[in-house]
Amino acid sequence: MSIAVRRSEAVPHAHRLSDFAQACLDGLSATPKTLPCRFFYDARGSDLFEEITRLPEYYPTRVETGILDRCGSSLLADVRDGATLVEFGSGSSAKTELLLRDGRIAAYVPIDVSPTALADAATRLRGRFPGLDVQPLVADFTGDLRLPPLRRGSQAIGFFPGSTIGNFPPVEAVTLLRRMADLLGPNGRLVIGVDLQKDRKRLVAAYDDAAGTTAAFNLNLLVRMRRELGARIDIDGFAHRALYNETANRIEMHLASLRAQRIEVAGETFDLDPGETIHTENSYKYTPERFAELAGVAGWSMQRLATDDDRLFAVMLLAT
Ligand code: AVJ
1 MSIAVRRSEA
11 VPHAHRLSDF
21 AQACLDGLSA
31 TPKTLPCRFF
41 YDARGSDLFE
51 EITRLPEYYP
61 TRVETGILDR
71 CGSSLLADVR
81 DGATLVEFGS
91 GSSAKTELLL
101 RDGRIAAYVP
111 IDVSPTALAD
121 AATRLRGRFP
131 GLDVQPLVAD
141 FTGDLRLPPL
151 RRGSQAIGFF
161 PGSTIGNFPP
171 VEAVTLLRRM
181 ADLLGPNGRL
191 VIGVDLQKDR
201 KRLVAAYDDA
211 AGTTAAFNLN
221 LLVRMRRELG
231 ARIDIDGFAH
241 RALYNETANR
251 IEMHLASLRA
261 QRIEVAGETF
271 DLDPGETIHT
281 ENSYKYTPER
291 FAELAGVAGW
301 SMQRLATDDD
311 RLFAVMLLAT
């Protein structure tokens, strides 16, 4: 048996499982089997995701970047000078410059779980925007957050691009949006990217590309289980599946077992039937109206809406 123990937990909780091990036990015990998508992003998974954003079929990154490039300044038109931009899950902060170059943002708080990604982004942005006060925060944005003290009277503008909100089921999305509203305060704003409903073929192609990069990204969860948790899994016994669930308006990614087989992880065994799947990700798709309604439940009202000509993707400015 091998149990990965994170260094930070090793002393006080020598026998506690890592988050990942616990999530594998919980998800594989469930019916149907699931694994949470947040575990996609180890070093290899983050590289694969970067590769996905450059695929011809994966339009969201390209289209959202184009919208921010054209409409970044008009989205921020009513934002006060000296505002603080707070980015949730900032990663490489690649899209952030499209808001910073407008000049009314004085401080930037990138939030991410990866200290190295934060450090690289901070160095780059400080070089490019010499007056900008960059205060990185190492944290999981779905957890309890506290902002560093803002400069006096500075308006807090959240930034949540990439349609990451689509990974949360609507009820959880409302909870997250409400917590963001609380964090950002009374004059808070949120610039959020939302992937839009469109024809099924285009959606499925974006999550099942010809080069097989998304398949590798999905299967990397099993690779990670084997490496980090010493799991016994025949990875070749699984295949990537992407489908559009038209009832729930979401893309689903699954790992389908190609035969009857057994997985061993963290001291437990799990049997899979031929064709049985492990559900690894949901990516909800909205109409602008439907998303505005959802945000409304969380206390936000839509002030501005920017889309591309083909209406593939939307970037909204929400106000509390
Ligand atoms: C980064 C969560 C927005 O759902 O489109 C890409 C992740 N998964 N291809 C998405 C992802 C498969 C992506 N998000």
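Going left to right, the sequence shown walks through residues 1 to 320 as my numbering numbers them. The beta carbon of each residue, even a glycine, is placed where N, CA and C say it ideally should be. Model, not experiment: these values are computed from the prediction.
* Asked: With contact counted as at least three CB pairs below 8 Å, one residue from each stretch, are the region 130–144 and the region 262–274 in contact?
  -> Touching, no, given that fewer than three Cβ pairs across the two stretches are closer than 8 Å.
* **Rounded C-alpha distance that separates Arg6 from Asp81** => Low per-residue confidence applies at Arg6: pLDDT is 46, beneath 50, and the placement is therefore not dependable enough to give any value.
* **Euclidean distance between Cα positions of Ala216 and Ala205** => Distance between the alpha carbons of Ala216 and Ala205 is about 15 Å.
* Do you know offhand how far Phe20's Cα is from Phe39's? -> Spanning the two alpha carbons is a distance of roughly 7 Å.
* Asked: First and last residue of the alpha helix (DSSP H) that includes Pro148?
  -> Element bounds for Pro148: n/a, residue is neither H nor E.
* How about His279 and Pro36: do their beta carbons lie closer than 7 Å? -> Cβ atoms of His279 and Pro36: not closer than 7 Å.
* Asked: If you draw a straight line from the alpha carbon of Ala256 to that of Thr247, how long is it in whole angstroms?
  -> Going by the C-alpha atoms only, they are around 21 Å apart.
* To do: In the DSSP assignment, find the unbroken beta strand (DSSP E) run with Glu51 in it and report its ends.
  => For Glu51, there is no enclosing beta strand (DSSP E); the residue is part of the alpha helix (DSSP H) that begins and ends at Ala43 to Thr53.
* Asked: Do the region 288–300 and the region 148–161 make contact, defined as three or more Cβ pairs closer than 8 Å?
  -> Using a C-beta cut-off of 8 Å, the region 288–300 makes no contact with the region 148–161, since fewer than three inter-stretch Cβ pairs fall below that distance.
* Can the beta-carbon of Gly89 be found closer than 7 Å to that of Asp112? -> With contacts defined by Cβ atoms closer than 7 Å, Gly89 and Asp112 form a contacting pair.
* **In DSSP terms, what Leu255 is bridged to** => Per DSSP, the beta bridge partners of Leu255 are His240 and Ile278.
* Less than 6 Å between the CB of Thr214 and some heavy atom of ligand 1, yes or no? -> Checking the Cβ of Thr214 against ligand 1 gives yes.
* Whose CA, out of Pro115, Thr269 and Asn220, lies closest to the CA of His254? -> Per the Cα distances, Asn220.
* Asked: Among Gly127, Asn187 and Ala260, which has the Cα closest to the Cα of Gln155?
  -> The shortest C-alpha separation from Gln155 is found at Asn187.
* Asked: Do the region 299–306 and the region 168–181 touch if we need at least three Cβ pairs shorter than 8 Å?
  -> Contact between the region 299–306 and the region 168–181 is present, because at least three Cβ pairs lie under 8 Å.
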